[in-house]
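Engineer:
Residue numbers (the numbering used here), protein chains in the order written: chain A, 237 to 520; chain B, 510 to 639.
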């Protein structure tokens, strides 16, 4: 028979956990709404600029810009976008698991990792992977300058020939309950074979100068979108995880309360039995 | 006459207009007009005003640099910012102009940055004053 005081203490501690998780849920919810809004604003621009690049590429001589180079792929750079903090359900676990698959398909000896977010950075560093770059502790004040800094960092490895291909693994925000893990090939820039070469297109001031300014812009905007998608997904995952935790705590308090009541009833019954039998004994 | 579809996309908003008859954009080499059946083109844009005509008349926007992609009566403007005349924050633009002026007079200031913020502020103010 569980001790009454013990049960009371457990109920108290479960209740205080419940308070913490429900507060965290509220915080994540508020952050998620903000992040979702920012992401939804940024999406059309990112998609449009990608379409424009798709249109432009077949018409461009790739030798004008080093970023347009297509080399035989010897080394692959994999960018893993995780969060800085945990308590977000399986958010980080899933993406790290996926990253492992991706690394395996290329071969660990041919991959260089760029980790965005502390969770991924810690995980892969501890396991002695080739982590060539990390970006951590910026999620709270995320802005476009981070995207530019991270983007330029990623691109530099392609430009100096360290890696010949760059893939980005990130969570795409579908809705509050679902995040999709996406693997996006950032570089080299390729286009669908189906897209036809535009005829007699006019370029002003020149095709070359447009490509030179548009391509870096495109890459930074895509990185920006990855960050926004991942941040919104992280908050959504945390919100759902904390909601589940709160529900579990409520469930647990209920069953503990039941146990407590039973124990109390039992104690009363025992006590009464003792009194009655004591009285009986006196009578005789 | 065929009409144009005008789509202006910035990192924070999307403006879509149908039944547009004429668009004037600030190209790097001076402004240019687009009417229906324009040739396919890709043109870099400078900071400046965008004007378009639709059934209601003339409309003005302040934009700050980007690209115009013209394709089959669809004009896509990918620009950094786009504000309608009535959305422009005049006080803020004035302050930005003053700040930029101050910085241009300083010795060790970043002149390129100051000049570009100056041109953005001037563009906004010019559109408001029209």
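Idealized CB from N, CA, C, for every residue including glycine.
Let me know if residue 551(B) comes out buried or exposed under the rule of 16 or more other beta-carbons within 10 Å of its beta-carbon.
Structural biologist: Counting from 1 along the second chain, the entry for residue 551(B) is found at position 42. That one is buried.
Engineer: Note down, in chain order, every chain B residue with its Cβ under 7 Å from the Cβ of residue 450(A).
Structural biologist: Along the first chain, read from residue 1 onward, the residue named residue 450(A) stands at position 214. Neighbours of residue 450(A) on chain B, chain order: 576.
Engineer: Are at least three pairs of beta-carbons, each pair with one atom in the segment 291-304 of chain A and one in the segment 261-276 of chain A, less than 8 Å apart?
Structural biologist: no
Engineer: What are the partner residues of residue 482(A), as DSSP defines its beta bridges?
Structural biologist: As a position in the first chain, residue 482(A) is number 246, starting the count at 1. DSSP lists no partner for residue 482(A).
Engineer: Would you kindly report the start and end of the unbroken alpha helix (DSSP H) that includes residue 394(A)?
Structural biologist: For the purposes of this step, residue 394(A) is identified with residue 158 of the first chain, where counting begins at 1. Here the alpha helix (DSSP H) through residue 394(A) covers 380-395.
Engineer: Per DSSP, residue 593(B) forms a beta bridge with which residues?
Structural biologist: Stepping through the second chain from its first residue, residue 593(B) is reached at position 84. Answer is 570(B), bridged to residue 593(B).
Engineer: Comparing alpha-carbon positions, which option in 397(A), 396(A), 369(A), 296(A) lies nearest residue 385(A)?
Structural biologist: Your numbering for residue 385(A) matches position 149 in the first chain. That would be 369(A), whose Cα lies nearest to the Cα of residue 385(A).
Engineer: Between residue 602(B) and residue 626(B), how many whole angstroms is the CB-CB distance? I'm expecting something under 8 Å.
Structural biologist: Position 93 of the second chain, counted from the start, is the residue given in the question as residue 602(B). Position 117 of the second chain, counted from the start, is the residue given in the question as residue 626(B). Not a contact, Cβ separation roughly 10 Å.
Engineer: With a threshold of 8 Å between beta carbons, is residue 440(A) in contact with chain B?
Structural biologist: Residue numbering aside, residue 440(A) sits at position 204 when the first chain is read from its first letter. Using a Cβ-Cβ cut-off of 8 Å, residue 440(A) counts as an interface residue toward chain B, since at least one Cβ of chain B sits closer than that to its own.
Engineer: Is the Cβ of residue 290(A) closer than 8 Å to any Cβ of chain B?
Structural biologist: Here the question's residue 290(A) lines up with position 54 in the first chain. So, not an interface residue.
Engineer: Leaving out five residues before and five after residue 331(A) in sequence, what residues of the same chain have Cβ atoms less than 8 Å from its Cβ?
Structural biologist: For the purposes of this step, residue 331(A) is taken as residue 95 along the first chain, with counting starting at 1. Answer for residue 331(A): 316, 317, 318, 356, 405, 406, 407, 417, listed in chain order.
Engineer: Quick one: Cα of residue 382(A) to Cα of residue 374(A), how far?
Structural biologist: Locating residue 382(A) in the first chain gives position 146, counting from the first residue. Locating residue 374(A) in the first chain gives position 138, counting from the first residue. For residue 382(A) and residue 374(A), the distance between alpha carbons rounds to 8 Å.
Engineer: What does the alpha-carbon distance come out to for the pair residue 311(A) and residue 348(A)?
Structural biologist: By 1-based counting over the first chain, the position of residue 311(A) is 75. By 1-based counting over the first chain, the position of residue 348(A) is 112. Roughly 7 Å between the two C-alpha positions.
Engineer: So is residue 403(A) buried or exposed if we call it buried at 16+ other beta carbons inside 10 Å?
Structural biologist: For the purposes of this step, residue 403(A) is taken as the residue at position 167 of the first chain. Around the CB of residue 403(A), 16 or more other CB atoms lie within 10 Å, so the residue is classed as buried.
Engineer: Which of the residues in the segment 534-546 of chain B, read from start to end, lie with their CB under 9 Å from any CB of chain A?
Structural biologist: 536, 537, 538, 541
Engineer: Residue 445(A) versus chain B: which residues are under 8 Å apart at the beta carbon?
Structural biologist: Counting from one through the first chain, the residue named residue 445(A) turns up at place 209. Correct list: 553.
Engineer: Determine whether the Cβ of residue 285(A) lies closer than 8 Å to any Cβ atom of chain B.
Structural biologist: Along the first chain, read from residue 1 onward, the residue named residue 285(A) stands at position 49. By this cut-off, residue 285(A) is an interface position.
Engineer: Would you check if there are 3 or more beta carbon pairs closer than 8 Å linking the segment 334-348 of chain A to the segment 480-488 of chain A?
Structural biologist: no
Engineer: Taking residue 240(A) as part of the beta strand (DSSP E), name the residues at either end of that continuous run.
Structural biologist: On the first chain, position 4 is the one that residue 240(A) refers to. It is not in any beta strand (DSSP E) - residue 240(A) instead sits in the alpha helix (DSSP H) that spans 240-292.
Engineer: Just to make sure I have the definition right: I need the residues of chain B whose C-beta is within less than 8 Å of the C-beta of residue 532(A). Which are they?
Structural biologist: Past the boundaries of the shown model lies residue 532(A); chain A is included only from 237 to 520, so the question cannot be answered.
Engineer: Using a Cβ cut-off of 8 Å (strictly closer), state whether residue 564(B) contacts chain A.
Structural biologist: In the second chain, counting from the first residue as 1, residue 564(B) sits at position 55. For residue 564(B), the answer is no, since every Cβ of chain A falls outside 8 Å of its Cβ.
Engineer: Which class does residue 371(A) belong to by DSSP, given the choice of helix, strand or coil?
Structural biologist: The residue labelled residue 371(A) in the question sits at position 135 within the first chain. Strand.
Engineer: Measure the C-alpha to C-alpha separation of residue 572(B) and residue 548(B) and round it to an integer number of angstroms.
Structural biologist: Translated into the one-based positions of the second chain, residue 572(B) becomes position 63. Translated into the one-based positions of the second chain, residue 548(B) becomes position 39. Going from the Cα of residue 572(B) to the Cα of residue 548(B) covers about 23 Å.
Engineer: Cβ atoms of residue 327(A) and residue 473(A): under 8 Å apart, would you say?
Structural biologist: For the purposes of this step, residue 473(A) is identified with residue 237 of the first chain, where counting begins at 1. For the purposes of this step, residue 327(A) is identified with residue 91 of the first chain, where counting begins at 1. Result yes, Cβ atoms of residue 473(A) and residue 327(A) sit closer than 8 Å.
Engineer: CA-CA distance, residue 248(A) and residue 513(A)?
Structural biologist: Translated into positions along the first chain, residue 248(A) becomes position 12. Translated into positions along the first chain, residue 513(A) becomes position 277. Residue 248(A) and residue 513(A): Cα-Cα distance of roughly 36 Å.
Engineer: Interface residues of chain B around residue 436(A) at Cβ under 9 Å?
Structural biologist: Taking the first chain and counting its residues from 1, the one referred to as residue 436(A) is at position 200. Correct list: 548, 549.
Engineer: List the residues that DSSP assigns as beta-bridge partners of residue 409(A).
Structural biologist: Position 173 of the first chain, counting from 1, holds the residue named residue 409(A). According to DSSP, which records beta bridges pairwise, residue 409(A) is partnered with 415(A).
Engineer: Taking only beta-carbon atoms, is residue 462(A) less than 8 Å away from chain E?
Structural biologist: No chain E appears in this structure, whose protein chains are A and B.
Engineer: So is the beta-carbon of residue 564(B) under 7 Å away from any non-hydrogen atom of the ligand ATP?
Structural biologist: In the structure shown, the ligand ATP is absent, as is every other ligand, since no ligand is present at all.
Engineer: List the residues of chain A that residue 585(B) touches, going by C-beta distances under 9 Å, in chain order.
Structural biologist: Position 76 of the second chain, counting from 1, holds the residue named residue 585(B). Those within 9 Å of residue 585(B) in chain A are 284, 287, 288.
Engineer: Give the C-beta separation of residue 586(B) and residue 559(B) to the nearest angstrom, bearing in mind that I take them to be a contact with Cβ-Cβ under 8 Å.
Structural biologist: The residue labelled residue 586(B) in the question sits at position 77 within the second chain. The residue labelled residue 559(B) in the question sits at position 50 within the second chain. With 8 Å as the limit, residue 586(B) and residue 559(B) qualify as a contact, their Cβ atoms being about 7 Å apart.
Engineer: If I measure Cβ to Cβ from residue 278(A) and keep anything under 7 Å in the same chain, skipping five residues before and after, which residues do I get?
Structural biologist: In the first chain, residue 278(A) corresponds to position 42, counting from 1. Closer than 7 Å at Cβ, skipping near neighbours: 460, 461, 464.
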